[in-house]
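Trainee:
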Amino acid sequence: MHSKQSKWLWAAALFVYAFLYLPLIIVVVYSFNDSKLNAEWVGFTFKWYEILFNDAQMLTAARNTLLIGLVTSICATVLGTLAGLAMHKYKLRLLPLLVLTPIAIPEILMGVSLLIFFVMLNMTLGLVSVTLAHIAFCIGFVAIVVRSRLQGMDESLVEAARDLGATPVQAFRLVTMPLIMPGIIAGALMAFTLSIDDFVITFFTAGAGASTLPLQIYSMIRIAVTPEVNAISTLLMILTLCLILLASKLAPSALRAE
Amino acid sequence: MKKILLALMLAAGTASAEDVLHLYNWNNYIAPETVKNFEKSCKCRVVQDYYGAMEEMLAKLAAGAKGYDVVIPTGFAIPPMVKQNLLQPLDKAKLPNAKNENPAFMNAAFDQGNKYSLPYAFSTTLVGYNDKKIKELGIDPTSWAIIFDPAVLAKIKGKVTVLDDSREVFAAALMYNGFSANSTNPDEWKKAQETIIKAKPFWAAFNGQSYIKELTLGNIWVAHGYSSDMFQANIDAKAAKRAFGVAYGLQKEGNTLSVDNMVVLKTAPRPDLAAKFIDFMLDGKNAAELTNMIGTGTPNAAAAQFVKPEMKQNSAVFPSAEQMKKLQQLTALEGKQLRDLGRLWTQVKTAK
Numbered sequence: 001m002h003s004k005q006s007k008w009l010w011a012a013a014l015f016v017y018a019f020l021y022l023p024l025i026i027v028v029v030y031s032f033n034d035s036k037l038n039a040e041w042v043g044f045t046f047k048w049y050e051i052l053f054n055d056a057q058m059l060t061a062a063r064n065t066l067l068i069g070l071v072t073s074i075c076a077t078v079l080g081t082l083a084g085l086a087m088h089k090y091k092l093r094l095l096p097l098l099v100l101t102p103i104a105i106p107e108i109l110m111g112v113s114l115l116i117f118f119v120m121l122n123m124t125l126g127l128v129s130v131t132l133a134h135i136a137f138c139i140g141f142v143a144i145v146v147r148s149r150l151q152g153m154d155e156s157l158v159e160a161a162r163d164l165g166a167t168p169v170q171a172f173r174l175v176t177m178p179l180i181m182p183g184i185i186a187g188a189l190m191a192f193t194l195s196i197d198d199f200v201i202t203f204f205t206a207g208a209g210a211s212t213l214p215l216q217i218y219s220m221i222r223i224a225v226t227p228e229v230n231a232i233s234t235l236l237m238i239l240t241l242c243l244i245l246l247a248s249k250l251a252p253s254a255l256r257a258e
Numbered sequence: 001m002k003k004i005l006l007a008l009m010l011a012a013g014t015a016s017a018e019d020v021l022h023l024y025n026w027n028n029y030i031a032p033e034t035v036k037n038f039e040k041s042c043k044c045r046v047v048q049d050y051y052g053a054m055e056e057m058l059a060k061l062a063a064g065a066k067g068y069d070v071v072i073p074t075g076f077a078i079p080p081m082v083k084q085n086l087l088q089p090l091d092k093a094k095l096p097n098a099k100n101e102n103p104a105f106m107n108a109a110f111d112q113g114n115k116y117s118l119p120y121a122f123s124t125t126l127v128g129y130n131d132k133k134i135k136e137l138g139i140d141p142t143s144w145a146i147i148f149d150p151a152v153l154a155k156i157k158g159k160v161t162v163l164d165d166s167r168e169v170f171a172a173a174l175m176y177n178g179f180s181a182n183s184t185n186p187d188e189w190k191k192a193q194e195t196i197i198k199a200k201p202f203w204a205a206f207n208g209q210s211y212i213k214e215l216t217l218g219n220i221w222v223a224h225g226y227s228s229d230m231f232q233a234n235i236d237a238k239a240a241k242r243a244f245g246v247a248y249g250l251q252k253e254g255n256t257l258s259v260d261n262m263v264v265l266k267t268a269p270r271p272d273l274a275a276k277f278i279d280f281m282l283d284g285k286n287a288a289e290l291t292n293m294i295g296t297g298t299p300n301a302a303a304a305q306f307v308k309p310e311m312k313q314n315s316a317v318f319p320s321a322e323q324m325k326k327l328q329q330l331t332a333l334e335g336k337q338l339r340d341l342g343r344l345w346t347q348v349k350t351a352k
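First to last, the protein sequences are chains L and Z.
Residue numbers for the first sequence follow the UniProt record's numbering, so the first one is 1 and each next one is one higher.
Residue numbers for the second sequence follow the UniProt record's numbering, so the first one is 1 and each next one is one higher.
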């Protein structure tokens, strides 16, 4: 039955989706516009993508971004999963506080404090310092996702495995891990996306020659948003979309609310 | 995972082994061909990093970030950098091209005797306008009256934007009233505030972001902004084949001037390359490349012969000696003055 109320709900939903997605669609459309201005359609062109792929600075930044994102998501997923397990298994007070604080404190504080810390250690700022900083703030996010997945898990399954003679390691590998896999994958993807679009923390911890795409784009828009920025944004969106599709294939339940 | 980290560290390690100059600059603030030519002449590589605001750069260096050789700060940022012991004095013996600098830009208040810095490029804050409309309406664009006088504004109501920057707007209003842009006299500030409040109803917006685009599209006809932005707006308008151009020039009451300078950090890994780079940029031809590319003014007297002829006549790029006298660099305000200006600005913003 289509009541009047459901029509209104549909309209509201459409409005919200339009608000969320129209700006993104506009960015994609204007990345093909044959004009330097983001204001009116002149003609179709691929030239901004050509410019982008010949822009050595941009390519270095893209390479840095992906490399940092990859290493960050791997390290943060391993450490975050362990932290999530520990928080679930042992009723600790201090650990959740320590792991989750980086999520809650303002990014700028984290960026400046990490910078001062790296300088104190006499570390040369560069890709390594950015990667370490990203791992540090991503662990908490992974841990939360993994822990909530564990909370929804039936504990008796592990007990049954143990009763049947599985060692703790076997029980973890064969029972717990497959069950929480969607959470782990979701955590890894989250770490990856957080890493590729972080600006504030990256700005403070990046050293000479370690620019990432967000740093690059931010410095470019000071002059005005050029279509080259639209082109790189479009590519980033496609990458993110592919990741979400991949996630839904690998772990369908990771994207569903449970 | 360890392998990747190891590879990362190795990559970072090998990068520092070759000859690399690290330049910390605004984006798009050096011509790509200049970078290529310098790399050829010094047999080294230039790696650029960018900041989006002077405050960002200051915060990062103050916290102890290292690894950069040359930074290009705006004048007002130099005294705090000197105070924090971030800069090393320039070795003038290694900078023979410093003689090319226009004396009018040397010896500025922020660095007496150019101990730490040499001017790189400058921009002026002025009025850019739709040349066709302003001519049709018979408005004189060479006076600040174009954004402050209600009689003039009545013809262009809703087609004017001013910078969303208290310091710049107040400086313009002060100069319009015949005061110094750096005045801190409360009565003069009050007078400037009255001027602004009277003009405000005629303005479309305070806009420091998208006025280039608005001018180019013809949505606004007059914008208070930076000379290099007006240059960009005119190029965009031409490219879009508009029926009008974006013109700009200095105001007769005076304009504010911001000069960006080259400095070498105390922690510079390669002070030798830094000196080579600064001397290279002081060569007239190289300095001119930047002006030709983004339309900034050049403090380099030897650049004139290499600058595009149409730009050479532009007073915002090469001000005459007489115009030069009316250009004022904004000095840093002290705590109480800053708070007072903030209060006056809030009153402006909330005035009906």
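Where a beta carbon is used, it is the ideal one built from N, C-alpha and C, also for glycine.
Quantities reported herein were computed from a predicted structural model and do not represent experimental measurements.
Can you list the residues of chain L that E56/Z reaches, using a CB-CB cut of under 8 Å?
Mentor: Result: F203.
Trainee: Using 8 Å as the limit for Cβ to Cβ distance, is N130/Z near chain L?
Mentor: For N130/Z, the answer is no, since every Cβ of chain L falls outside 8 Å of its Cβ.
Trainee: Who are the near neighbours of residue 404/Z in its chain, counting only those whose CB is closer than 8 Å to its CB and skipping five residues on each side?
Mentor: There is simply no residue 404/Z to check, as chain Z begins at 1 and stops at 352 in what is shown.
Trainee: Hey, does L52/L have any beta-carbon neighbour from chain Z nearer than 8 Å?
Mentor: Not one chain Z Cβ lies under 8 Å of L52/L.
Trainee: Check the Cβ-Cβ distances between residue 353/Z and every residue of chain L, and say whether any is below 8 Å.
Mentor: Residue coverage of chain Z in this structure runs from 1 to 352, which leaves residue 353/Z outside it and unanswerable.
Trainee: So the alpha helix (DSSP H) M181/L belongs to, where does it begin and stop?
Mentor: M177 to D197 is the span of the alpha helix (DSSP H), which, as asked, contains M181/L.
Trainee: Can you find the residues in the same chain that come closer than 6 Å, C-beta to C-beta, to T81/L, ignoring five residues on each side of it along the sequence?
Mentor: The answer, listed in chain order, is V146 and I184.
Trainee: Work out the CA separation of L98/L and A136/L for me, nearest whole Å.
Mentor: When rounded, the distance between both Cα atoms is 11 Å.
Trainee: Name the one or two DSSP bridge partners that F117/L has.
Mentor: F117/L pairs with nothing; no bridge assigned.
Trainee: Give me the chain Z residues within the contact set of L243/L, using Cβ-Cβ distance strictly less than 8 Å, ordered along the chain.
Mentor: Result: empty, since nearest Cβ-Cβ is about 19 Å, beyond 8 Å.
Trainee: Hey, does T65/L have any beta-carbon neighbour from chain Z nearer than 8 Å?
Mentor: It does not; no Cβ of chain Z falls within 8 Å.
Trainee: In whole angstroms, give me the CA-to-CA distance for I30/Z and L290/Z.
Mentor: Each residue's alpha carbon lies about 6 Å from the other.
Trainee: Secondary structure at D131/Z, three-state DSSP: helix, strand or coil?
Mentor: Helix at D131/Z.
Trainee: Please compile the residues from chain L whose C-beta is within a distance smaller than 7 Å of the C-beta of Y47/Z.
Mentor: Residue 47/Z is actually Val in this sequence, not Tyr. In chain order: A208 and G209.
Trainee: Strictly below 8 Å CB to CB, what residues from chain Z border V112/L?
Mentor: Correct list: A59 and A63.
Trainee: How do the region 148-168 of chain Z and the region 290-300 of chain Z stand: do at least 3 beta-carbon pairs fall below 8 Å, yes or no?
Mentor: Verdict: no, contact absent.
Trainee: Any idea what DSSP makes of T34/Z, helix, strand or coil?
Mentor: T34/Z: helix per DSSP, three-state reduction.
Trainee: Does the CB of Y120/Z have a neighbour CB from chain L at under 8 Å?
Mentor: Answer no: the Cβ-Cβ gap between Y120/Z and chain L never drops below 8 Å.
Trainee: Can you tell me whether R45/Z is helix, strand or coil according to DSSP?
Mentor: Note: R45/Z maps to strand in three-state DSSP.
Trainee: Cβ atoms of Y30/L and P227/L: under 8 Å apart, would you say?
Mentor: Cβ distance < 8 Å, so P227/L and Y30/L count as in contact.
Trainee: What residues in the region 241-257 of chain Z have a beta carbon less than 8 Å from any beta carbon of chain L?
Mentor: Listed in sequence order: no entries.
Trainee: Which residues in the same chain have their Cβ closer than 8 Å to the Cβ of L100/L, if we skip the five residues on either side of it in sequence?
Mentor: G140, A143 and I144, listed in sequence order.
Trainee: Are any of the Cβ atoms in chain L nearer than 8 Å to that of N207/Z?
Mentor: No, because no Cβ of chain L sits closer than 8 Å to the Cβ of N207/Z.
Trainee: Cβ closer than 7 Å: which chain Z residues qualify as neighbours of K36/L?
Mentor: Chain Z residues near K36/L: D236 and A239.
Trainee: Identify which residue in A108/Z, F122/Z, L215/Z and S166/Z has its Cα closest to the Cα of G128/Z.
Mentor: Of A108/Z, F122/Z, L215/Z and S166/Z, the residue nearest in Cα terms is L215/Z.
Trainee: Starting from the beta carbon of G67/Z, find every residue of chain A whose beta carbon is closer than 7 Å, and list them in chain order.
Mentor: No chain A appears in this structure, whose protein chains are L and Z.
Trainee: Within 8 Å (strictly less), CB to CB, does V27/L reach chain Z?
Mentor: Closer than 8 Å: no.
Trainee: So with CB distances below 9 Å, who are the chain Z contacts of I116/L?
Mentor: Here the neighbours are A63 and G64.
Trainee: Would you tell me roughly how many angstroms separate the C-alpha atoms of A76/L and W203/Z, rounded to the nearest one?
Mentor: Between A76/L and W203/Z, the C-alpha separation is close to 51 Å.
Trainee: Any C-beta of chain L sitting closer than 8 Å to the C-beta of N286/Z?
Mentor: It does not: the Cβ of N286/Z has no partner Cβ on chain L nearer than 8 Å.
Trainee: Cβ of A12/L less than 8 Å from any chain Z Cβ?
Mentor: It does not; no Cβ of chain Z falls within 8 Å.
Trainee: Please state whether the Cβ-Cβ distance between P269/Z and G67/Z is less than 8 Å.
Mentor: The answer is yes: Cβ separation under 8 Å.
Trainee: Give every residue of the same chain whose Cβ lies closer than 6 Å to the Cβ of F19/L, excluding the five residues on either side of it in the sequence, and list them in chain order.
Mentor: Excluding positions up to five away in sequence, the list is empty.
Trainee: Using the rule of at least 16 other Cβ atoms within 10 Å of the residue's Cβ for burial, across every protein chain shown, is K36/Z buried or exposed?
Mentor: The residue in question, K36/Z, is exposed, as its Cβ has fewer than 16 Cβ neighbours within 10 Å.
Trainee: Over the uninterrupted beta strand (DSSP E) stretch that includes N25/Z, give me the two end residues.
Mentor: Counting along the chain, the beta strand (DSSP E) containing N25/Z begins and ends at V20 to N25.
Trainee: To which residues of the same chain is R339/Z closer than 7 Å at the C-beta, ignoring the five residues directly before and after it?
Mentor: No residues qualify anywhere along the chain.
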